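A.B. asks: In this note's numbering, the protein residues as written are 15 to 414.
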Amino acid sequence: MKHLKTLLLVFTISVSLSSCKLLGTIVGDSKDPFVYLTFDNPDTSRSMVVNYLVSEHTTEPLNLFYKSEHQISWSNVPTEIMEFKGVLKTKYSYSFKNLSAGTKHFFEIRNENDEIILPMHYFKTLPNGGAPVKVIQGGDLRSKNILADVAEGALKKDPDVILIGGDISYANGKLTNLDKWDDWFKAMEPVMITDDQRVIPLIVAIGNHEVTKFGLSKKTKAPFYFQLFPQNGDKTFFTRKLGAHSVLIVLDTGHIYSHRSQVEWLTQQFETYKHMKNKLAMYHVPLYPGHRKFETRGSKKGRKHWMGLFDKYNLTAAFENHDHVAKRTYPLKNNKKDPEGTVYFGDGCWGAGYREAQPERWYLDFVGEYRHVWFAELTEFGADFEAYSYNELIDSATLH
Ligand SMILES: [Fe+2]
Ligand SMILES: [Fe+2]
Numbered sequence: 015m016k017h018l019k020t021l022l023l024v025f026t027i028s029v030s031l032s033s034c035k036l037l038g039t040i041v042g043d044s045k046d047p048f049v050y051l052t053f054d055n056p057d058t059s060r061s062m063v064v065n066y067l068v069s070e071h072t073t074e075p076l077n078l079f080y081k082s083e084h085q086i087s088w089s090n091v092p093t094e095i096m097e098f099k100g101v102l103k104t105k106y107s108y109s110f111k112n113l114s115a116g117t118k119h120f121f122e123i124r125n126e127n128d129e130i131i132l133p134m135h136y137f138k139t140l141p142n143g144g145a146p147v148k149v150i151q152g153g154d155l156r157s158k159n160i161l162a163d164v165a166e167g168a169l170k171k172d173p174d175v176i177l178i179g180g181d182i183s184y185a186n187g188k189l190t191n192l193d194k195w196d197d198w199f200k201a202m203e204p205v206m207i208t209d210d211q212r213v214i215p216l217i218v219a220i221g222n223h224e225v226t227k228f229g230l231s232k233k234t235k236a237p238f239y240f241q242l243f244p245q246n247g248d249k250t251f252f253t254r255k256l257g258a259h260s261v262l263i264v265l266d267t268g269h270i271y272s273h274r275s276q277v278e279w280l281t282q283q284f285e286t287y288k289h290m291k292n293k294l295a296m297y298h299v300p301l302y303p304g305h306r307k308f309e310t311r312g313s314k315k316g317r318k319h320w321m322g323l324f325d326k327y328n329l330t331a332a333f334e335n336h337d338h339v340a341k342r343t344y345p346l347k348n349n350k351k352d353p354e355g356t357v358y359f360g361d362g363c364w365g366a367g368y369r370e371a372q373p374e375r376w377y378l379d380f381v382g383e384y385r386h387v388w389f390a391e392l393t394e395f396g397a398d399f400e401a402y403s404y405n406e407l408i409d410s411a412t413l414h
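1. Quick one: which unbroken alpha helix (DSSP H) runs of 4-plus residues sit fully inside the region 236-284? Chain order, please.
2. Hey, Ile-95 and Tyr-80: beta-carbon distance below 8 Å or not?
3. Closer than 8 Å by C-beta to Arg-317: which residues in its own chain qualify, once you throw out the five before and the five after it? Chain order, please.
4. Specify the secondary structure class of Ala-400 as computed by DSSP and reduced to three states.
5. Measuring CB to CB, does Tyr-402 end up less than 8 Å from Glu-383?
6. Is the separation between the beta-carbon of Gly-304 and that of His-269 shorter than 8 Å?
7. Which same chain residues, not among the five before or five after Tyr-404, have their C-beta less than 7 Å away from its C-beta?
8. Going by the C-beta, is His-223 closer than 7 Å to any heavy atom of ligand 1?
9. I'd like the list of long-range same chain contacts for Asn-55, defined as Cβ closer than 7 Å, with 5 residues on each side in sequence excluded.
10. With contact counted as at least three CB pairs below 8 Å, one residue from each stretch, are the region 140-147 and the region 356-367 in contact?
11. Please confirm whether Pro-347 and Gly-360 have their CB atoms less than 8 Å apart.
12. Note the first and the last residue of the continuous beta strand (DSSP E) segment covering Leu-323.
13. Just how far apart, CA to CA, sit Ile-263 and His-338?
14. Pick out the complete beta strand (DSSP E) segments inside the region 63-116, 3 residues or longer, and give them in chain order.
15. Where DSSP assigns a beta bridge to Gly-360, which residues make up the other side?
16. Measure from the alpha carbon of Tyr-50 to the alpha carbon of each residue in Gln-211, Asn-125, Asn-246, then state which is nearest.
17. In chain order, what residues of the same chain have a beta carbon less than 6 Å from the beta carbon of Phe-120, not counting five sequence neighbours either side?
18. Below 7 Å CB to CB, which residues in the same chain sit around Tyr-98 once its five sequence neighbours on both sides are set aside?
19. Just confirm the distance between the C-beta atoms of Lys-158 and Ala-219, as a whole number of angstroms; I'd bet it's less than 8 Å.
20. Between Leu-294 and Glu-83, what straight-line distance do the alpha-carbon atoms span, to the nearest angstrom?
21. Which residue's Cα is closest to the Cα of Ser-89: Phe-110, His-289, Arg-306, Leu-192?
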């Protein structure tokens, strides 16, 4: 029986590998290279990772040329080339460190013949002082070309960074679903890249639709998540500073790491950043669901292992996802309404279809059936939140 299972597993893996090579060849209309930005450490004011993807396996260097707003001449920085395991793609990346905060940095990509294959784009490092930081947050996207339309009202507010709360392209960690990622990057291009060629960086949490049951290691359980968004090695939980006043703690609701296994680390992060005015968390499965039952397993685990710490360290707000409605809770502490408590925003419905909202729940101050994203402006005085569905403002809250 054991042998049969092993044989079946080997067969499934080889079939998926061969069919995805074929897919990679078929997906020839993707716009090469896809360019996008991530962070690989907490200091978002001095670092940035520039990533670009091409639809072939190649070792040809594609040269990244860079200059800051204070420089006149370009320098060629040595990108890391990563052959995507299992799919026909190559990823290039360069991790910038020691940049100056709150400044513009320009880049373009040229091939070996010095031909420009990505014209000049730029990014802005986040501030490290008291200047405001503007974010948009959404989850449950799917690879639909409505993502820019749904976020239009929020994108007009000129965000500095985009927070993604899991269930990204719904590829389910399957290498055969490469086309979903191609479509996702295409749909995200007008979200991430402004009309004046600024690229807005991403901070990405993991959801259940990034993961396959069949992976043998952490990285093969979520092959695209780890290879596309290397944010903290094989860890799916990490912290990012958003200005001198705010911190974002990204958590994994049991997809690669259990809730319980992150408790010690979470306590350390709260201790390190307890002086911050705005303490935010982002994770996939909600503690306070807007659609599913309150007693859903993942929600219970979140409340059991994390809620006490959220209460103890006065978490300002949490961005929850997974339930596919728009919602905002009352401020909550000790699982009760409390004006000093945490507000839970959600519930991840950027591109995925909305589900039935549950307005009778005691903890919900606002809930509705909308595709939407949240916009937040974080300052040294507090945080303002607005939910947009396409161009319509559907909810707002001020936490000062
Ligand atoms: Fe979802
Ligand atoms: Fe989900």
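From the three backbone atoms N, C-alpha and C, an ideal C-beta is built for every residue, glycine too. Quick caveat, the model's predicted, so the values are computed rather than measured.
C.D. replies: The short version:
1. Counting whole runs of 4 or more residues, the region 236-284 contains the alpha helix (DSSP H) stretches 237-242.
2. In this structure, Ile-95 sits away from Tyr-80, with a CB-CB distance that is not shorter than 8 Å.
3. Counting only Cβ-Cβ distances below 8 Å, and skipping sequence neighbours, we find Leu-301, Asn-349.
4. Correcting the residue identity first, residue 400 is Glu in this sequence and not Ala. Note: Glu-400 maps to strand in three-state DSSP.
5. In this structure, Tyr-402 keeps its C-beta atom at 8 Å or more from the C-beta atom of Glu-383.
6. Not in contact: Gly-304 and His-269 (Cβ atoms no closer than 8 Å).
7. Spatial neighbours of Tyr-404 in its own chain (CB-CB distance under 7 Å, excluding positions within 5 residues in sequence) are listed in chain order as Asp-163, Val-164, Glu-166, Gly-167.
8. Distance from the C-beta of His-223 to the nearest heavy atom of ligand 1 is below 7 Å.
9. So the list reads Ser-61, once near-sequence residues are dropped.
10. No, because fewer than three Cβ pairs between the region 140-147 and the region 356-367 fall closer than 8 Å, the two stretches do not touch.
11. Note on residue identity: the sequence assigns Lys, not Pro, to residue 347. Going by C-beta atoms, Lys-347 is not nearer than 8 Å to Gly-360.
12. DSSP places Leu-323 outside any beta strand (DSSP E); the residue lies instead in the alpha helix (DSSP H), whose first and last residues are 321-326.
13. Each residue's Cα considered, the two are about 22 Å apart.
14. For the region 63-116, whole beta strand (DSSP E) runs of length 3 or above, ordered along the chain, are 77-82, 89-91, 94-97, 104-110.
15. Paired residue(s): Lys-341.
16. Out of Gln-211, Asn-125, Asn-246, Gln-211 has the C-alpha closest to the C-alpha of Tyr-50.
17. Its chain contains Lys-81, Met-134, Tyr-136 as the residues whose beta carbon lies nearer than 6 Å to that of Phe-120, once the 5 sequence neighbours on both sides are disregarded; these appear in chain order.
18. The sequence shown places Phe at residue 98, not Tyr. Around Phe-98: Thr-104, Lys-105, Gln-241.
19. Their Cβ separation, rounded to whole angstroms, is 19 Å, which puts Lys-158 and Ala-219 out of contact at 8 Å.
20. Cα to Cα, Leu-294 sits roughly 31 Å from Glu-83.
21. Residue Phe-110 holds the alpha-carbon nearest to the alpha-carbon of Ser-89 among Phe-110, His-289, Arg-306, Leu-192.
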